[in-house]
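Before any comments, here is the structure.
In this note's numbering, the protein residues as written are 83 to 245.
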């Protein structure tokens, strides 16, 4: 991040990152109503040449070397149900273990233009953090706080009209 004359910051590519890995993806549709998709990524190498201060985690240490996703979708008549989730292995610089966060969506298509929906985010109420970029969230006991707490389970409902 480079400061500008207006007091804001400009993000620029400051160095190089080299990665290598394996990614697998699969989709299965056993019937016209059901569709299941998944993917898995494993990074064998993830290195940056960016210089960091002593005792500061390297940029690549904030990223898990294994992660994946799962989507299960069921569509029947005017109803659609969708379960999706993201799974991450532990990242070196983030003090939490592996994380799995799932969401659930239900949609009723009343007409082609009108639908009702309910979404439940973080369905299993997983306690997890994301990475606070930039200068972090502040300093506690001389350490920059970079763990940004994510929401616990929450939901919302709505009505969508397309025209």
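Note that CB positions come from ideal geometry on N, CA and C, so glycine has one too.
- Annotation for residue 194: no beta strand (DSSP E) segment contains it, and DSSP assigns it neither H nor E.
- Check the Cα spacing between residue 191 and each of 242, 222 and 205: the tightest is with 242.
- Take residue 164, set aside five residues on each side of it, and the residues of its chain with a beta-carbon closer than 6 Å to its own are 155 and 187, in chain order.
- Taking the Cα of residue 112 as reference, the smallest distance to any Cα among 93, 141 and 157 is reached at 157.
- Taking a C-beta distance under 9 Å as the contact criterion, residue 230 and residue 211 qualify as a contact pair.
- Two segments are said to touch when three or more pairs of C-beta atoms, one from each, lie closer than 8 Å; by this definition the stretch 179-186 does not touch the stretch 222-229.
- Cβ contact annotation for residue 239 (same chain, cutoff 6 Å, sequence separation greater than five): 200, in chain order.
- Minimum Cα-Cα distance from residue 176 among the listed residues 150, 207, 219 and 139 corresponds to 139.
- Per the C-alpha coordinates, the member of 232, 166, 179 and 198 positioned closest to residue 160 is 198.
- The C-beta of residue 173 has 16 or more other C-beta atoms within 10 Å across all chains shown, which makes the residue buried.
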